[in-house]
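S.K.: These protein sequences, in sequence, are chains X and V. Counting in my numbering, the first sequence tops out at residue 584, every number present. Counting in my numbering, the second sequence tops out at residue 86, every number present. From the three backbone atoms N, C-alpha and C, an ideal C-beta is built for every residue, glycine too. Small disclaimer: the values here were computed from a predicted structure and weren't measured.
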Amino acid sequence: MDSAIAASLESLHPDAFGWAVHCCGGDAARAEEVLQNAYLKIAADRVRFDGRSAFKTWWFGVIRYTALEEQRRARFRESLLGKLLSTFTEEHHPSPARQIERDERARELRAALEKLPARQAETLHLVFYQDLSLSEAAEVMRVSVGSARQHYERGKARLRELLQPAPDHE
Amino acid sequence: MSDDLKPLFDHLRESEREAAPAWHPRYLRTPAPRPLSVPKLAFTAVLACAAALWLLRPVPPGVADLPPLLDSEPRELFASLDAPSSDFLLPAHLTIHIP
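Written as structure tokens, this is what we have:
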């Protein structure tokens, strides 16, 4: 593998984990698995950076897609057919249970983000957490810039509402 | 991009960075192909045996190998009734006469 790509991956690792956690709805253990699978894709040359976009944008797109794949697999495993098949071909990949110690504010923000529509939450995460521009966020999410802007504006308004302290009732 | 929401996300980012698993070069190593598990191996063996038995099953004989059936000479219908043989089982008054 290209050493420049390896270095980029290493420097992006903490943020990539944060993005994976977001894509997995706050589940850190599943995020770790998703990130590991995304790395494997690069190592096995199943995905290749072609230089048409920024590396971070491309890499986050890969993570997002891998998380969606993992979500579909999880849904299949939970289905009746999946449970039946797993009795014959069961393979255990226990991921280390990682409990993220989050303080109250971080927990509140995470909970509020989970209440937003997925696209709005994704846009806000990519812009505020990952410091991507709206056009880069649109590229990761594979939507138009106009659509990303709409998600961004609506998401911000809704998030502010959700983070407002509840009025005291007498 | 300055926004009042930015500090909140920065805070979340910091707390999640602390929880992120440490980077390890093994992430970028291609895994060795995993050996087949015992149930998979057994299933494959059973499948192979079934396929072999199906391929080696006795083949039914072809049409050319069958003995000839109903291979009598063509002759007139009811020809045998015109001239009943001596060992005809019916009594004379019951014998059918075809005009």
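Answer with buried or exposed for Val554(X), where buried requires no fewer than 16 other C-beta atoms within 10 angstroms of its C-beta.
M.R.: The residue given as residue 554(X) occupies position 140 in the first sequence. When all chains shown are included, Val554(X) counts as buried.
S.K.: Quick one: any contact between the stretch -1 to 19 of chain V and the stretch 558 to 571 of chain X, if contact means 3 or more CB pairs under 8 angstroms?
M.R.: Taking 8 angstroms as the limit for Cβ pairs, the verdict is that the stretch 558 to 571 of chain X does not touch the stretch -1 to 19 of chain V.
S.K.: Using a threshold of 8 angstroms, state whether the C-beta atoms of Ala420(X) and Leu15(V) are closer than that.
M.R.: In the first sequence, the residue the question calls residue 420(X) occupies position 6. In the second sequence, the residue the question calls residue 15(V) occupies position 28. Contact: yes.
S.K.: Is Leu34(V) close to chain X, meaning its C-beta is less than 8 angstroms from at least one C-beta of that chain?
M.R.: As a first step, residue 34(V) must be located in the second sequence, where it is residue number 47. So no, Leu34(V) is outside the interface.
S.K.: Check the Cβ of Arg16(V) against every Cβ in chain X and list those closer than 7 angstroms, keeping chain order.
M.R.: Position 29 of the second sequence holds residue 16(V). Here the neighbours are Ala457.
S.K.: Does the stretch 469 to 476 of chain X come close enough to the stretch 28 to 37 of chain V to have 3 or more Cβ pairs within less than 8 angstroms?
M.R.: No: the two stretches stay apart, fewer than three of their Cβ pairs being nearer than 8 angstroms.
S.K.: Going by DSSP in three states, Ser2(V) sits in which element: helix, strand or coil?
M.R.: Counted from its first residue, the second sequence places residue 2(V) at position 15. Ser2(V) falls in the helix class under three-state DSSP.
S.K.: For the alpha helix (DSSP H) containing Asp429(X), name the first residue and the last one.
M.R.: Numbered from its first residue, the first sequence carries residue 429(X) at position 15. From DSSP, the alpha helix (DSSP H) with Asp429(X) extends over Ser417 to Cys437.
S.K.: Could you give the distance in angstroms between the alpha-carbon of Phe463(X) and the alpha-carbon of His427(X)?
M.R.: Within the first sequence, numbered from 1, the residue matching residue 463(X) stands at position 49. Within the first sequence, numbered from 1, the residue matching residue 427(X) stands at position 13. In a straight line, the C-alpha of Phe463(X) is about 16 angstroms away from that of His427(X).
S.K.: When you compare only the Cα positions, how much space is there between Phe(-4)(V) and Pro26(V)?
M.R.: Here residue -4(V) corresponds to residue number 9 of the second sequence, with the count starting at 1. Here residue 26(V) corresponds to residue number 39 of the second sequence, with the count starting at 1. Cα to Cα, the separation comes out at about 48 angstroms.
S.K.: In chain V, which residues lie less than 9 angstroms from Ala468(X) when you measure between Cβ atoms?
M.R.: Here residue 468(X) is taken as the residue at index 54 of the first sequence, counted from 1. Neighbours of Ala468(X) on chain V: none; closest Cβ ~17 angstroms, over 9 angstroms.
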